[in-house]
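Undergrad: Below is one structure. I have some questions about it.
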Amino acid sequence: MKASTAGWVFAAPALTVIGVFFGLPVLAAFALSLTDFDIYALANPDNLRFVGFDNYLNLLQNPLFWRALGNTLYFVAVGVPLSVTVSLGAALLLHSKLGTFKPFFRTAYFAPVVTTVVAVAVIWRYLFHTRYGLVNWALSGLGIDPIDWLGDPTWAMPTIILFAVWKNFGYNMIIFLAGLQAIPEDLYEAARIDGASPWRQFRHVTLPMLGPVLLMVGILTLAGYFQLFAEPYVITQGGPLQSTVSVLYLMYEEGFKWWNLGNASAVAFLLFALMTAATSGLLWYARRKGVE
Amino acid sequence: MEPRLARAIVNGLLLGLAGLSLAPLLWMLSVSLMQPGEAASFPPPLLPSAPTLHNYHELFARVGMGRYLFNSFMIAALTTLIALLLNTMAGYAFAKLRFAGRERVFRGLLAALVIPAQVTMMPLFLMLKQLGLINTYAGAIVPGMAGIFGIFLVRQYARSIPDELLEAARIDGAGEFRIFFQIVLPALKPILVTLAIFSFLGAWNDFMWPLIVLSDSGLQTLPVALASLSREHVQDNELMMAGSVVTVLPVLLLFLVLQRYYLQGLLMGSVKG
């Protein structure tokens, strides 16, 4: 076997799987989003009709879609900066020369990342239980009246954001930690000789040197947070008053509860477009700021 | 700032953050050992008054948790084995074997990384329905059998295998498959462990796809079963916490034992990318 043939032979199985079970469905999803594929078409493909961009136009007139979009953007807009900040804070603490038992702390912070979302969401629902939850008990110690975390539309999404930050900060923390370790010590030395305070060292040495890592973490987190689904599915079932219905939650219900697969595909594509726009926006902003 | 004060603040914050990270998991463990109904009181008890394995017994004897555990293990293990083989072969090919269109195909793969998997779920469901794979292990495994991230990870690592080693084997008359299994695979061992953990954790923790493709209750994985259980048994906190322990513990242990490989892989996949 020639090396060039061997290359294709070795790459082909994986490429076939990706092509058949990912590439093809992406194209098919777009085609599907232009049809009225529903439970009748599922029973008999003859009932399938081409509807052009009607699914998209209908979505844009559907209040629940706007609600889901608003909820998702709220989750992203508050969750991503919070998550990145906590990750960076944890990484700075672990990087500090003053800390002890670092391997233990690193593992402890990372533990939530490897846990199963559904299982820890179940725990979270219990922690934030209005009557028996540990959180309200702790707050009552501070003299704060019990909050109906998951039953009050104003509190449900913030609770889910806290959950997501708790679950995910360890992941970005590891990446930041590697970035921090790559910053040459002489830069801090020079800054100290110039009399820079720790805060100014952070502002003028750490942050700029961390720029590319920060950008990458930002993009990864942004893309991940747009895909909010399991948390509201388990913790709040989209409620109360649809305050935690996310775009993917809507897609799941449209597709696999009501079997409007054409409509659900349109939802998926709009989410994809939104994610692309948001990440490109972030990249554009970073480039203008001179981060490479 | 006085050095001792600074040290106390840093260590205090480290400790506080560890408390926040671990408290929910520790409480889960504690409540899972309580008597039924014990946790539904105010103030919530921190430790079980008389620890019992009753909830675990209940889960396996009455709810059929053993079945879900088995399903999760089978699906995660099979996905991992297949993905390991296919991704390693492809990663090696993209790193070391010259073939027409290699760079173009690889760039195409990387570009496809931005497409969220959820876009594919509707057509994939219809496709698997045509193939009769809905409500089968195969249906749950199929999309995870190969992955761009895995190929990328192996490629990065395989580039460090010296070309001379492969050339020497070729001159000695070894076939490409023999080279792959006898020289390349042993050289890739560390990254294989890394990739295996990623695949296993990914498959074990996946929720949305198994939820869609496995509606028969006898085939459900732990996360899917736990989600539907938690809707039925909203009040049985102790039982639900035991279910969470069973779901979380295997992956947590896997991570604790092999964390060196996991963290190394995470960095290879991101920072060096």
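Line order of the protein sequences matches chains A and B. Okay, so the first sequence: first residue is 412 according to the working numbering, each after it adds one. Okay, so the second sequence: first residue is 1376 according to the working numbering, each after it adds one. C-beta atoms are modelled at their ideal positions from N, C-alpha and C, and glycine is treated no differently.
Using a 10 Å radius around the Cβ and a threshold of 16 neighbouring Cβ atoms, would you call B/Gln1493 buried or exposed?
TA: Looking at its Cβ environment, which holds 16 or more other Cβ atoms inside 10 Å, B/Gln1493 is buried.
Undergrad: Could you pull out every residue in the same chain whose Cβ sits closer than 6 Å to the Cβ of A/Phe680, ignoring the five residues on either side in sequence?
TA: Closer than 6 Å at the Cβ level, and outside the excluded window around A/Phe680, lie Ser444.
Undergrad: By how many angstroms is the C-alpha of A/Gly629 removed from the C-alpha of A/Gly692?
TA: Approximately 12 Å, taken between the alpha carbons.
Undergrad: Would B/Leu1528 pass as a contact of B/Gly1640 if the rule is Cβ separation under 8 Å?
TA: It is a contact, given that the beta carbons lie within the stated cut-off.
Undergrad: Note down, in chain order, every chain A residue with its Cβ under 9 Å from the Cβ of B/Thr1454.
TA: Under the 9 Å cutoff, chain A gives no residues; its nearest Cβ is about 11 Å from B/Thr1454.
Undergrad: Just how far apart, CA to CA, sit A/Trp670 and A/Asp449?
TA: Roughly 5 Å between the two C-alpha positions.
Undergrad: Select from A/Tyr696, A/Met620, A/Gly418 and A/Val431 the residue whose C-alpha is nearest the C-alpha of B/Ala1521.
TA: The candidate whose alpha carbon is nearest that of B/Ala1521 is A/Val431.
Undergrad: Mind checking which residues open and close the alpha helix (DSSP H) that includes A/Ser551?
TA: Element bounds for A/Ser551: Leu545 to Gly552.
Undergrad: Taking DSSP's pairing of strands, which residues face A/Phe461 in a bridge?
TA: Looking at the DSSP assignment, A/Phe461 forms a beta bridge with A/Thr446.
Undergrad: Which residue comes first and which comes last in the alpha helix (DSSP H) that contains A/Ala501?
TA: Run containing A/Ala501: Pro474 to His506, per the alpha helix (DSSP H) assignment.
Undergrad: Which term fits B/Ser1592, buried or exposed, when burial requires 16 or more other beta carbons within 10 angstroms of its beta carbon?
TA: With fewer than 16 Cβ atoms within 10 Å of its Cβ, B/Ser1592 is classed as exposed.
Undergrad: What would DSSP say about B/Lys1647, mapped onto helix, strand or coil?
TA: With a pLDDT of only 42 at B/Lys1647, under the threshold of 50, the placement of this residue in the model should not be trusted; the figure read from the coordinates follows. The answer is coil: DSSP assigns B/Lys1647 none of H, G, I, E or B.
Undergrad: Go ahead and pull the three-state DSSP assignment for B/Phe1556.
TA: If DSSP states are grouped into helix, strand and coil, B/Phe1556 belongs with the helices.
Undergrad: Helix, strand or coil for B/Arg1473? Go by DSSP, reduced to three states.
TA: Here B/Arg1473 sits in coil by DSSP.
Undergrad: Is there a C-beta anywhere in chain B that falls below 8 Å from the one on A/Arg542?
TA: Taking Cβ atoms only, chain B reaches closer than 8 Å to A/Arg542, which makes this a yes.
Undergrad: Using a beta-carbon distance below 8 Å, is A/Gln638 in contact with chain B?
TA: It does; some Cβ of chain B falls within 8 Å.
Undergrad: So B/Arg1530 contacts chain A; which residues on that side make the cut at Cβ distance below 7 Å?
TA: Those do not exist, as B/Arg1530 stays about 10 Å from chain A at its closest Cβ, beyond 7 Å.
Undergrad: Round the Cβ separation of A/Gly590 and A/Val624 to the nearest angstrom and send it over; I've been treating them as touching at under 8 Å.
TA: That belief holds up - the Cβ atoms of A/Gly590 and A/Val624 are roughly 4 Å apart, short of 8 Å.
Undergrad: Pick helix, strand or coil for A/Lys413, following the three-state DSSP scheme.
TA: In this structure, A/Lys413 counts as coil in the three-state DSSP scheme.
Undergrad: Going by beta carbon distance, what residues of the same chain come within less than 6 Å of A/Ala532, once the five residues before and after it are set aside?
TA: For A/Ala532, where only same-chain residues beyond five positions count, the Cβ hits under 6 Å are Glu642, Val645 and Ile646.
Undergrad: Would you decide whether B/Leu1472 is buried or exposed? Buried here means 16 or more other CB atoms lie within 10 Å of its CB.
TA: By the 10 Å Cβ count, B/Leu1472 comes out buried.
Undergrad: Identify, in the order they occur along the chain, each residue of the same chain with its Cβ nearer than 8 Å to the Cβ of B/Leu1422, setting aside the five sequence neighbours on each side.
TA: Same-chain partners within the cutoff: Ser1405.
Undergrad: Which chain A residues sit within Cβ distance under 8 Å of B/Val1489?
TA: Ala634, Met686, Thr687 and Thr690, listed in chain order.
Undergrad: Short of 8 Å Cβ to Cβ, which residues in the segment 1548-1566 of chain B face chain A?
TA: Going along the segment 1548-1566 of chain B in chain order, one finds Gly1550, Glu1551 and Phe1555 with a Cβ nearer than 8 Å to chain A.
Undergrad: Could you tell me the alpha carbon to alpha carbon distance between B/Gly1387 and A/Ala530, rounded to whole angstroms?
TA: Looking at the two C-alpha atoms, the distance is approximately 29 Å.
Undergrad: So which residues on chain A does B/Asn1462 lean against when the C-beta distance must stay under 8 Å?
TA: Those are Ala425, listed as they occur along chain A.
Undergrad: Mapping DSSP to helix, strand and coil, what is A/Thr655?
TA: Correct three-state label for A/Thr655: coil.
Undergrad: What number of angstroms, rounded off, separates the C-alpha of A/Ala502 from the C-alpha of A/Phe464?
TA: One C-alpha to the other measures close to 47 Å.
Undergrad: Chain A beta carbons: is any one of them nearer than 8 Å to that of B/Ala1393?
TA: At least one chain A Cβ lies under 8 Å of B/Ala1393.
Undergrad: Any beta-carbon of chain A closer than 8 Å to the one on B/Gln1493?
TA: Interface residue, yes.
Undergrad: Flag A/Thr518 as yes if its beta-carbon sits less than 8 Å from any beta-carbon of chain B, otherwise no.
TA: Cβ-Cβ to chain B under 8 Å: yes for A/Thr518.
Undergrad: Does any C-beta atom of chain B lie closer than 8 Å to the C-beta of A/Ala602?
TA: So, not an interface residue.
Undergrad: Please name the residues in the segment 492-524 of chain A whose beta-carbon is closer than 7 Å to at least one beta-carbon of chain B, in chain order.
TA: Of all residues in the segment 492-524 of chain A, Ala501, Leu504, Ser507, Leu509, Gly510, Thr511, Phe516, Thr518, Ala519, Tyr520, Ala522 and Pro523 have a Cβ within less than 7 Å of some Cβ in chain B.
Undergrad: Which term fits A/Asn455, buried or exposed, when burial requires 16 or more other beta carbons within 10 angstroms of its beta carbon?
TA: Its Cβ having fewer than 16 others within 10 Å, A/Asn455 is exposed.
Undergrad: Identify the continuous alpha helix (DSSP H) that holds B/Pro1598 and give its terminal residues.
TA: It spans Leu1597 to Glu1607 - the alpha helix (DSSP H) in which B/Pro1598 sits, taken as one unbroken run.
Undergrad: Against chain A, does B/Tyr1431 count as a neighbour if the rule is that its beta carbon must be under 8 Å from one of theirs?
TA: No - not a single Cβ of chain A is within 8 Å of the one on B/Tyr1431.
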